[in-house]
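Numbering (this note's numbering), first residue to last: 709 to 1256.
Data block below; observations after.
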Amino acid sequence: MKRHFYFILFFLNWIFINHSFADNSNVSSEELLPVLPELKTDKTRLSALATVYVNRFIIEGNQVFTEEELQTLLQPYQGRSISAEQLQEARTLLTHHYINAGYINSGAIIPDQKVENSDVVLKIIEGRLSELTISGHERLNSAYIHSRLALAENEVLNINKLQEKLQLLQQNPLLQRINAELGPGVSLGEGVLNVNVKENLPYQFTMRFNNHRSPNIGSYRGELEGIHRNVTGWGDRLYARYGLTQGLNDYAIEYAIPLNAHETTLGFYLERSDSRVIDEPFSQLKVESRADTYALNLQHPFYRTPNRTLNLGLKLERRESQTFLLDRPYPFSPGVGYDGKSEIAVVRFWQDWLDRSRTQVIAARSSFNFGVDAFGATINHDNSPDSRFFTWLGQFQWVRRLDLLESQILFRTDLQCANEDLLPLEKFSVGGASSVRGYRENELTRDNGLIMSLEWRVPLTRWRVPYLSQESDDGLLQLAPFFDYGRAWNSDNDTPFPKDISSVGLGLRWSPSQKVWGEVYWGKPLRHLPGSGDWQDKGWHFELNFQL
């Protein structure tokens, strides 16, 4: 029995020894791999802890939100032991707080750290716009677009503010379309914005024919108007207008240039007119007038969003006029010099408010006008009018889209108040197509005035013209019943009859295309006044526009 046991033991030992030699022979032919040392884990590092007691969080790198605001969010995680998952919840909470406020490439990270005094550091990465590329522009300088989209130095990227800038830029008449794509940058918290634009034609020409001038100088007027909105590539605008009636020849030129990316604009304006009375029987007296206007205007949008704008402006203006009778200088109004000349210098401080939504538009304008003794202005030492005066002009317009018949209602009012009698250049006019229809232009001309107009525009049909009507909205024909009221009075002198006029009437408005439109209105005067038989005296006002 023992013999068999030893034999079996000897046999197993022989097999093991031979197997070991065989393994050693294989290993000796290959290079042995080094043995890695055992990693030593710092048990005080945050990454090594399954739970951690947080006395308080130390927040670093935050500028957008205050320390108090962020600490309030983290309050449930402080003063107790929290797990690694809960620690990530706290980090995510801060990140979502940034993202929900529009800071889409900002957030919080938890750097690995040695926890001391149970204080845990959270680091805020506030994202920036690292690169902005502009493409698709042709005439417009890329720096013009870049300056209106770029963020200020060290400004944190906010998608809501960026979208607002893009919407404001889309309203620029120089641009037809804007496509923007925001992507990540190379480093954490960096953003890259790629903007592709399509420009509108910068120039536009309009021909206009109407009867919107006084019959005294010829009511039928032809007008050519041109504008170039990007003369040098920096959004500077050049405007020119020339108009002609039987007794009037006038032109105007304006140049305006933006001074910065915030649309602060400096403008220069020149207007000149020569007129003569053609209405019988005064045409034989050779009553003529010459008038010039020079203006320097500075304006800035102090509040500007895609739907609301508040502009403030300061204008320095010099106006002069001279009248003639039988080819000789002659004064027709009090305060005018014996040579028929009157000159005023006026500083105008104006405010312009615009509020628009999908259903209505509200526009309001106010102007405080201070006449000053400067630039050779007319100064009289008696009580007659001169260049020293004060007036306030307020204008308000409201347009509302109604569900009823898909119509529109328009309300407009203008009011001028003067502290004393004025020279003719500054008087307020009532009557005509833009104030009280049914009466001739400038029916009442006084120091103070008020006009109100209410109009309801009802679509009748779409009368489209082949090859001319291209857009879906083209061809709209509207019926426009209206009511107009006007009142004018003098400040010191007696006011002649009548003080007020009013009318009711109907109008037709037709726009066969975006470039051709016209209107005709007929007003029934509610106070009859004598006239010369002109179409205005019969209550008719019309206008045709052709845009090239």
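All C-beta atoms in this analysis are idealised placements derived from N, C-alpha and C, irrespective of residue type, glycine included.
- When the alpha-carbon of Lys1232 is set against those of Trp1248, Ser1142, Ser1240, the nearest one is in Trp1248.
- If you draw a 10 Å sphere on the C-beta of Pro892, you find fewer than 16 other C-beta atoms in it, and that means exposed.
- Check the Cα spacing between Ala1082 and each of Ala1072, Glu1028, Ser1075, Tyr785: the tightest is with Glu1028.
- In the three-state reduction of the DSSP assignment, Tyr928 falls in the coil class, being assigned neither a helical nor a strand state.
- Note on geometry: alpha-carbon atoms of Asn938 and Gln771 lie some 39 Å from one another.
- Under the DSSP assignment, Gln1030 falls in the beta strand (DSSP E) whose first and last residues are 1016-1033.
- If you check the CB distance, Arg1235 and Asn1198 do not come in under 8 Å.
- Counting along the chain, the unbroken alpha helix (DSSP H) around Ala798 starts and ends at 792-808.
- The way I'd put it, the region 1208-1227 does touch the region 1178-1194; three or more beta-carbon pairs between them come closer than 8 Å.
- Separation of Ala758 and Ile790 (C-alpha to C-alpha, rounded to the nearest whole angstrom) is 9 Å.
- By the 16-neighbour rule on beta-carbons within 10 angstroms, Thr1086 is buried.
- Judged by beta-carbon spacing, Asp820 lies within the 8 Å limit of Ser755, meaning their Cβ atoms are closer than that value.
- Looking at Ala809, Val1166, Leu1022, Pro1014, the one whose alpha-carbon comes closest to that of Leu877 is Pro1014.
- Residue pairing for Leu978: DSSP places it in a beta bridge opposite Ile961, Tyr1002.
- In this structure, DSSP gives Phe990 a helical state, which the three-state scheme calls helix.
- Boundaries for Lys873: no beta strand (DSSP E) harbours it, while the alpha helix (DSSP H) harbouring it runs 867-878, taken from the DSSP string.
- DSSP places Gln779 in the uninterrupted alpha helix (DSSP H) bounded by 775-782.
- Within the same chain, and ignoring the five residues on either side of Leu1110 in sequence, the residues whose Cβ sits closer than 7 Å to its Cβ are Gln1116, Ile1117.
- Here Gln1244 is buried: its Cβ has 16 or more other Cβ atoms, across all protein chains shown, within 10 Å.
- In the three-state scheme derived from DSSP, where H, G and I count as helix and E and B as strand, Arg847 is classed as coil.
- Straight-line spacing of the CA atoms in Ala888 and Asn902 works out to 6 Å.
- In chain order, Asp1129 place their CB closer than 7 Å to the CB of Asn1201, counting only its own chain and leaving out the 5 sequence neighbours on each side.
- Under the three-state reduction of DSSP, Tyr1038 is assigned to coil, being neither helix nor strand.
- Within the same chain, Gln1007, Pro1009, Asp1060 come within 6 Å of Asn1019 by CB-CB distance, once the 5 residues on both sides are set aside.
- The alpha-carbon of Val762 is positioned some 21 Å away from that of His804.
- Looking from the CA of Asn919, the closest CA among Ser1210, Tyr1193, Glu1149, Phe1205 belongs to Glu1149.
- Residues of the same chain with a CB within less than 7 Å of the CB of Asn825, apart from the 5 flanking positions on each side, are Asn763 in chain order.
- Residue environment for Asn868: exposed (fewer than 16 other C-beta atoms within 10 angstroms of its C-beta).
- Ser1074 carries a strand assignment under DSSP once its states are collapsed to helix, strand and coil.
- In this structure, Ser991 is the residue among Gly943, Ser1050, Ser991 with its C-alpha nearest to the C-alpha of Pro923.
- Cα atoms of Gln1068 and Tyr785: separation of roughly 49 Å, rounded to the nearest angstrom.
- About 16 Å separates the beta carbon of Ala948 from that of Ile965, a gap too long to meet the 8 Å contact definition.
- No Cβ-Cβ contact shorter than 8 Å links Asn880 with Trp942.
- By the criterion of a C-beta distance shorter than 6 Å, Ser1143 is surrounded in its chain by Ile1159, Gly1194, once the five residues flanking it on both sides are discounted.
- Cβ contact annotation for Arg1064 (same chain, cutoff 7 Å, sequence separation greater than five): Asn1015, in chain order.
- Judged by beta-carbon spacing, Leu1168 lies beyond the 8 Å limit of Pro1220, meaning their Cβ atoms are not closer than that value.
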